[in-house]
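Working notes for the structure below.
Residue numbers (UniProt numbering): 1 to 289.
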């Protein structure tokens, strides 16, 4: 077992999901006064498996927020106009809109990323809950950044091990603007709050000790010490390896699904769906690093 990671207690019913990572957790209830031992077992299982899937979780925003807080301090999202009116810790994702809620929606294809990579301390984990899910499309894809790094060709692994990428919220904003026409530019206030930050392309998990890829192509403006074109070519080469089917799990959502991923060991992206036919509403809470 890796440093800092104890065996998962038998109190959790876990079943492997994907080839190299992930587990489905059954019989676990988020709501109520959970014993700390159960929360610790959940946290431990998350870091061991890198993501957990729970089915048929009741639609209860208060319970989602309360359980998320048991895992750590919650981030407040940079786009406050797309948060839950009663629970600002919940970021709304999708094309759903009514008088009280307007989810954050993009029509363009996402790039692989880890949530909050542009923060000085990137997030620990994210909890993503399906409220309204289209019957086709809209999948979330998760990438095992630990195994993908371990199985990189040795020469490529050596090239990236000591390099840093500069993560910039404005770079991400401009990517989104190119792929979702009509989006406003990032505000001056947001640019002040989230200046560019240099992060390693390979990071070591503070709990498990495992190294993993920390590469978010649409967020990284450049690689420190390399000409921009060379840096982007290097990122593309690494991601061509990392995005192989062997390292990717594609989750087809149904209402009541909760997927919790370790942002320090995975990357994720989303598939498109027909937003002219279907509605989609997802809740996300994010635990700070």
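Ideal Cβ positions, reconstructed from N, Cα and C, are used throughout, including at glycine.
Distance, residue j Cα to residue i Cα
| i | j | result |
| --- | --- | --- |
| residue 167 | residue 193 | 14 Å |
| residue 21 | residue 54 | 15 Å |
| residue 116 | residue 27 | 30 Å |
| residue 126 | residue 143 | 14 Å |
| residue 234 | residue 223 | 9 Å |
| residue 229 | residue 169 | 20 Å |
| residue 215 | residue 160 | 10 Å |
| residue 208 | residue 47 | 7 Å |
| residue 71 | residue 43 | 7 Å |
| residue 82 | residue 155 | 43 Å |
| residue 100 | residue 149 | 43 Å |
| residue 237 | residue 45 | 31 Å |
| residue 91 | residue 267 | 18 Å |
| residue 80 | residue 86 | 12 Å |
Pair within 8 Å by beta-carbon distance, residue i and residue j
| i | j | result |
| --- | --- | --- |
| residue 261 | residue 139 | no |
| residue 109 | residue 172 | no |
| residue 61 | residue 84 | yes |
| residue 248 | residue 141 | yes |
| residue 78 | residue 158 | no |
| residue 122 | residue 263 | yes |
| residue 242 | residue 213 | yes |
Same chain, Cβ closer than 7 Å to residue i, five either side skipped, listed in chain order
| i | result |
| --- | --- |
| residue 95 | 103, 105, 275, 279 and 280 |
| residue 217 | 111, 112, 235 and 239 |
| residue 282 | 93, 94, 128, 129, 130 and 131 |
| residue 259 | 51, 53, 128, 140 and 251 |
| residue 15 | 23 and 24 |
| residue 18 | 249 |
Residues near residue i by beta carbon distance below 6 Å, same chain, minus five either side
| i | result |
| --- | --- |
| residue 197 | 120 and 167 |
| residue 30 | 63 and 67 |
| residue 11 | 41 |
| residue 186 | 170 and 173 |
| residue 163 | 201 and 223 |
| residue 256 | 56 and 57 |
| residue 269 | 110, 112 and 141 |
| residue 179 | 108 |
| residue 342 | Past the edges of the chain, shown from 1 to 289, lies residue 342, and the structure says nothing about it. |
Continuous alpha helix (DSSP H) stretch holding residue i: start and end
| i | result |
| --- | --- |
| residue 175 | 169 to 179 |
| residue 152 | Element bounds for residue 152: n/a, residue is neither H nor E. |
| residue 235 | 228 to 242 |
| residue 84 | From DSSP, residue 84 is part of no alpha helix (DSSP H); its letter is neither H nor E. |
| residue 42 | 36 to 49 |
| residue 192 | 188 to 193 |
| residue 67 | 61 to 71 |
Proximal residues to residue i (C-beta, below 8 Å), its chain only, five neighbours per side dropped
| i | result |
| --- | --- |
| residue 210 | 2, 146, 204 and 265 |
| residue 273 | 134, 136, 137, 138 and 280 |
| residue 74 | 65, 68, 89, 285, 286, 287 and 288 |
| residue 13 | 25, 26, 27 and 28 |
Opening and closing residue of the beta strand (DSSP E) in which residue i lies
| i | result |
| --- | --- |
| residue 136 | It is not in any beta strand (DSSP E) - residue 136 carries neither H nor E in the DSSP assignment. |
| residue 24 | 23 to 26 |
Cβ-heavy atom distance, residue i to the ligand NAD, below 7 Å
| i | result |
| --- | --- |
| residue 247 | What this structure holds is no ligand at all, so the ligand NAD is not there to describe. |
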